[in-house]
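Below is one structure, written out as structure tokens; comments come after it.
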Amino acid sequence: MTSVHQLVPTISPRDAVGNHTLALREVIRGLGCESEIFSMFRHPDLMSDTHYVDHLPPDADIVIYQFSIGSPVAERWAQHPALKIANYHNITPISLVGKWDGLLAAEVQLGRDQMARYAAHCDHAICDSDFNKSELDELGYTSTETIPVLFDVTNAAPDSSALAKLERNRRGTQVLFVGRIAPNKAHHDLVAAVRTLRELHGDDAHLHFVGTDGPPGYRKIVETIVTHAGMRDHVTFHGSVSQEELVAHYVSADVFCCLSDHEGFCVPVIEAMHHGLPVVAFDCTAVGETVGNGGLLLKDKNPLVVACALHRVSSDSGLAQRLRTAGRQRAKYFDRGITQDHFGEYLSTLLGSL
Amino acid sequence: MSDSESDANYFKEVVAEIEAEAQRRSSSGEYPRALLRSLDEEFRRWIPDASLENGVEDTIRSIESAAYVDPAVPINSKSPLGRCVKWTVRRLTYFYHRHVTQQITALGIHITRPLRLLDASLKSVNKRLAALEDRLDVDVSTRSELLSGITIPTSFEDFDGVLSQHFKQVSGRVLIGDLPNSRLLKNLRDGGVDAYGVTSSDAPTQEAVDVRHEHLFDHLGDLHNESLGGFILCGIPDQASINEQLRALRLLLLRSKPGAAVAVIVIHSETWTKRLSPVATDLLHGRPMHEETWSYLLNREGASNIRVVQSSDSSYCLITAIL
Chain A
6 MTSVHQLVPT ISPRDAVGNH TLALREVIRG LGCESEIFSM FRHPDLMSDT
56 HYVDHLPPDA DIVIYQFSIG SPVAERWAQH PALKIANYHN ITPISLVGKW
106 DGLLAAEVQL GRDQMARYAA HCDHAICDSD FNKSELDELG YTSTETIPVL
156 FDVTNAAPDS SALAKLERNR RGTQVLFVGR IAPNKAHHDL VAAVRTLREL
206 HGDDAHLHFV GTDGPPGYRK IVETIVTHAG MRDHVTFHGS VSQEELVAHY
256 VSADVFCCLS DHEGFCVPVI EAMHHGLPVV AFDCTAVGET VGNGGLLLKD
306 KNPLVVACAL HRVSSDSGLA QRLRTAGRQR AKYFDRGITQ DHFGEYLSTL
356 LGSL
Chain B
268 MSDSESDANY FKEVVAEIEA EAQRRSSSGE YPRALLRSLD EEFRRWIPDA
318 SLENGVEDTI RSIESAAYVD PAVPINSKSP LGRCVKWTVR RLTYFYHRHV
368 TQQITALGIH ITRPLRLLDA SLKSVNKRLA ALEDRLDVDV STRSELLSGI
418 TIPTSFEDFD GVLSQHFKQV SGRVLIGDLP NSRLLKNLRD GGVDAYGVTS
468 SDAPTQEAVD VRHEHLFDHL GDLHNESLGG FILCGIPDQA SINEQLRALR
518 LLLLRSKPGA AVAVIVIHSE TWTKRLSPVA TDLLHGRPMH EETWSYLLNR
568 EGASNIRVVQ SSDSSYCLIT AIL
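These protein sequence lines map, in sequence, to chains A and B. Quick note, this note's numbering runs 5 ahead of the 1-based positions in the first sequence. Quick note, this note's numbering runs 267 ahead of the 1-based positions in the second sequence.
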């Protein structure tokens with residue numbers, strides 16, 4: 006039986022790359038191949054379902070490396086004699102993390118170095134977005150293909166108590182952003198935009214942040230800014246939430262706003278669109294192609310422009326309705342079934358050429 | 268046209284309308300730039316890069332405050348008995364804890380002392396570096412010789428009305444530097460503006476006005492950020508090197524509050540060229556900057572309501588703005 010294994014630095018069930026890796030294993034197994042996941046750091050819940058990196062069989066036919074950070078695991082992949090595929094999820098540039106977290110900066114720098122070095126070792130590369138593909142093309146990767154990340158949009162019922170609480174506290178426009186609290190996600194710009202919305206449009210708006218902490222220090226600084234901007238009562242950090250609570254946020258909010266400076270794909274945008282939440286996003290890196298025709302894409306994230314956009318969406322019900330419909334339509338493009346088929350076809354072709 | 272294409276076109280139109288609306292509101296003054304600038308300043312102040320400005324000193328201060336170890340262990344407890352037990356233990360072991368913590372505190376102080384020395388020498392290096400950069404320009408003595416054709420007017424009467432109006436509503440102190448004469452200062456003070464002057468000239472002032480006789484950069488170095496309600500920059504735009512002009516502006520902006528009123532008085536470059544010899548205009552390259560350049564620099568810093576007023580003989584111009 007042909008063996009197609011995956012290597013990933015860290016595997017965790019509540020992580021976009023982790024979920025993608027698990028989903029891809031099922032796709033590969035569906036093609037009749039043997040497929041396992043090998044990782045250096047494994048979440049306790051996945052210990053029995055995955056393997057330590059040292060146990061990667063030397064006679065594997067294809068090894069797929071999930072590339073999103075620098076890691077010694079990449080070296081194992083590069084040295085392996087099998088056909089090598091990189092599944093590139095993008096690496097945040099060091100300029101965006103270097104000043105916040107020295108360790109993370111070292112990891113992303115290593116990742117970028119490895120990315121450049123392994124162009125010669127890699128046989129094929131799969132990228133989440135055309136933006137990611139363009140980065141690899143520039144580095145001289147010869148065979149690159151764009152296939153979106155595999156993810157399940159949760160259709161869980163919204164958590165009733167979380168929903169009730171959100172509804173109880175609702176006053177003005179409820180602005181939501183979902184993502185790790187990291188500088189590349191530009192939470193501070195969202196605070197500026199919502200403050201402008203409140204002060205200049207007379208909207209008793211509230212900003213909801215859902216997501217775990219990223220580099221230590223950034224969260225603290227965002228909180229300091231929130232305090233200095235007089236926004237303590239108008240910004241809530243919800244942290245990491247369950248799937249049901251996340252759905253409650255998508256259902257309850259009025260608009261999803263993403264002002265990230267760097268995204269390799271941005272799953273939460275698709276989730277928001279799937280749940281019929283109008284999306285306003287700053288058009289940079291891969292955000293534009295992910296949003297597509299399903300949301301408002303701003304060329305400028307000046308707080309004035311963003312506040313104006315949020316005000317427009319919240320006050321123009323016709324526009325909001327059209328955004329909801331267009332967003333749902335756009336989300337269908339990333340349906341897991343379609344992406345699975347795309348992966349299946351791509352891998353079948355490769356397997357046929359072995 | 269498909270639904271998707273129709274949506275895309277509609278959303279593009281909406282974005283264009285949003286951008287136009289933001290632009291319209293911004294230029295009409297409906298969106299006060301000072302408000303927006305204040306949050307931007309707040310973020311820049313807190314990001315790790317910003318620590319380059321005052322960071323070493325702030326870091327040492329935080330180490331110093333952390334170096335003090337308090338031997339008084341908290342005794343709060345949910346139950347009164349617990350509190351009582353903790354209090355007794357603290358009382359009985361206080362001599363021990365105090366002895367240990369005093370040594371730790373002493374160690375902390377000994378660690379921060381060389382850091383203080385390091386900070387002082389860094390500041391000294393920075394100051395010397397700035398002076399060195401200035402010296403790359405024409406030597407100071409040669410500069411004054413070359414600039415002898417330029418005399419700063421004894422007053423800027425043409426601008427009195429505009430300046431009084433511009434600084435009328437300002438809260439906080441207004442710095443005038445490099446103060447050409449006390450008349451400008453007196454006029455503003457008579458109009459109720461809390462103004463003071465800074466001049467590098469040793470000539471005594473005639474009127475009883477608040478004038479500091481020190482170099483503008485030294486004075487700005489002693490001020491806290493956001494401590495000024497406004498400033499008038501004059502003299503330096505006519506005489507100093509481009510490096511000094513930009514440094515003066517940068518420091519003045521840092522020391523000004525959001526919403527501060529600012530003014531720059533600068534000689535016209537045509538007047539400058541007419542009054543000076545070709546040798547001087549060649550060697551004093553880069554000055555004076557045009558009013559357009561000052562307007563551009565202020566605009567880049569997020570200033571609004573930028574206005575340019577010419578003097579009656581078109582030899583000087585005044586640029587005013589709100590931060």
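The beta-carbon is built from N, C-alpha and C at its ideal position, and this holds for glycine as well. Model, not experiment: these values are computed from the prediction.
Whose C-beta lies closer than 6 Å to the C-beta of residue i among residues of the same chain, with five residues either side of it excluded?
{"i": "residue 490 (chain B)", "result": "522"}
{"i": "residue 587 (chain B)", "result": "433, 530 and 574"}
{"i": "residue 218 (chain A)", "result": "186 and 224"}
{"i": "residue 483 (chain B)", "result": "444, 445 and 465"}
{"i": "residue 340 (chain B)", "result": "357"}
{"i": "residue 95 (chain A)", "result": "137 and 269"}
Determine, using beta carbons only, whether residue i comes closer than 8 Å to chain E.
{"i": "residue 568 (chain B)", "result": "In summary, chain E is missing from the structure at hand, where the protein chains are A and B."}
Within 8 Å of any Cβ in chain B, is that where the Cβ of residue i sits?
{"i": "residue 199 (chain A)", "result": "no"}
{"i": "residue 327 (chain A)", "result": "yes"}
{"i": "residue 38 (chain A)", "result": "no"}
{"i": "residue 237 (chain A)", "result": "no"}
{"i": "residue 263 (chain A)", "result": "no"}
{"i": "residue 305 (chain A)", "result": "yes"}
{"i": "residue 317 (chain A)", "result": "yes"}
{"i": "residue 331 (chain A)", "result": "yes"}
{"i": "residue 271 (chain A)", "result": "no"}
{"i": "residue 252 (chain A)", "result": "no"}
{"i": "residue 189 (chain A)", "result": "no"}
Could you pull the start and end residues of the beta strand (DSSP E) that residue i belongs to?
{"i": "residue 460 (chain B)", "result": "Per DSSP, residue 460 (chain B) belongs to no beta strand (DSSP E) and is neither H nor E."}
{"i": "residue 242 (chain A)", "result": "240-244"}
{"i": "residue 335 (chain B)", "result": "Note, residue 335 (chain B): premise wrong, no beta strand (DSSP E); not H, not E."}
{"i": "residue 89 (chain A)", "result": "88-93"}
{"i": "residue 15 (chain A)", "result": "9-16"}
Name the DSSP beta bridge partners of residue i, please?
{"i": "residue 571 (chain B)", "result": "B:589"}
{"i": "residue 530 (chain B)", "result": "B:499 and B:587"}
{"i": "residue 181 (chain A)", "result": "A:213 and A:261"}
{"i": "residue 287 (chain A)", "result": "A:303"}
{"i": "residue 129 (chain A)", "result": "A:90"}
{"i": "residue 56 (chain A)", "result": "A:43"}
{"i": "residue 466 (chain B)", "result": "B:480"}
Give every residue of the same chain whose Cβ lies closer than 7 Å to the Cβ of residue i, excluding the five residues on either side of it in the sequence, and list them in chain order.
{"i": "residue 121 (chain A)", "result": "144"}
{"i": "residue 47 (chain A)", "result": "16 and 55"}
Closer than 8 Å, CB to CB, is residue i near chain A or not?
{"i": "residue 289 (chain B)", "result": "yes"}
{"i": "residue 527 (chain B)", "result": "no"}
{"i": "residue 285 (chain B)", "result": "yes"}
{"i": "residue 274 (chain B)", "result": "yes"}
{"i": "residue 271 (chain B)", "result": "yes"}
{"i": "residue 293 (chain B)", "result": "yes"}
{"i": "residue 278 (chain B)", "result": "yes"}
{"i": "residue 319 (chain B)", "result": "Because the pLDDT at residue 319 (chain B) is just 46, under 50, the model does not fix this residue reliably, and the point stays unresolved."}
{"i": "residue 282 (chain B)", "result": "yes"}
Rounding to the nearest angstrom, what Cα-Cα distance links residue i and residue j in this structure?
{"i": "residue 463 (chain B)", "j": "residue 188 (chain A)", "result": "42 Å"}
{"i": "residue 86 (chain A)", "j": "residue 286 (chain A)", "result": "43 Å"}
{"i": "residue 510 (chain B)", "j": "residue 400 (chain B)", "result": "8 Å"}
{"i": "residue 135 (chain A)", "j": "residue 438 (chain B)", "result": "53 Å"}
{"i": "residue 583 (chain B)", "j": "residue 502 (chain B)", "result": "11 Å"}
{"i": "residue 220 (chain A)", "j": "residue 190 (chain A)", "result": "12 Å"}
{"i": "residue 544 (chain B)", "j": "residue 555 (chain B)", "result": "15 Å"}
{"i": "residue 497 (chain B)", "j": "residue 440 (chain B)", "result": "7 Å"}
{"i": "residue 75 (chain A)", "j": "residue 108 (chain A)", "result": "11 Å"}
{"i": "residue 386 (chain B)", "j": "residue 488 (chain B)", "result": "15 Å"}
Check for me: the alpha helix (DSSP H) holding residue i runs from which residue to which?
{"i": "residue 123 (chain A)", "result": "Note, residue 123 (chain A): premise wrong, no alpha helix (DSSP H); not H, not E."}
{"i": "residue 153 (chain A)", "result": "Unbroken run through residue 153 (chain A): none, as it is neither H nor E."}
{"i": "residue 443 (chain B)", "result": "Not the alpha helix (DSSP H): residue 443 (chain B) falls in the beta strand (DSSP E), residues 440-444."}
{"i": "residue 326 (chain A)", "result": "322-338"}
{"i": "residue 432 (chain B)", "result": "424-434"}
{"i": "residue 74 (chain A)", "result": "Taken as a continuous stretch (DSSP letters only), residue 74 (chain A) belongs to no alpha helix (DSSP H), as it is neither H nor E."}
{"i": "residue 270 (chain A)", "result": "That residue, residue 270 (chain A), is in no alpha helix (DSSP H); it is neither H nor E in DSSP."}
{"i": "residue 197 (chain A)", "result": "192-206"}
Can you list, in chain order, the residues of its chain with a C-beta nearer than 8 Å to that of residue i? Leave out the 5 residues immediately preceding and following it.
{"i": "residue 341 (chain A)", "result": "28, 155, 156, 157 and 158"}
{"i": "residue 351 (chain A)", "result": "131, 150 and 152"}
{"i": "residue 303 (chain A)", "result": "285, 286, 287, 288, 310, 311 and 314"}
{"i": "residue 141 (chain A)", "result": "91, 93, 120, 124, 130, 132 and 149"}
For the ligand MN, is there a heavy atom less than 7 Å away from the beta-carbon of residue i?
{"i": "residue 140 (chain A)", "result": "Looking at this structure, you won't find the ligand MN or any other ligand, since it has none at all."}
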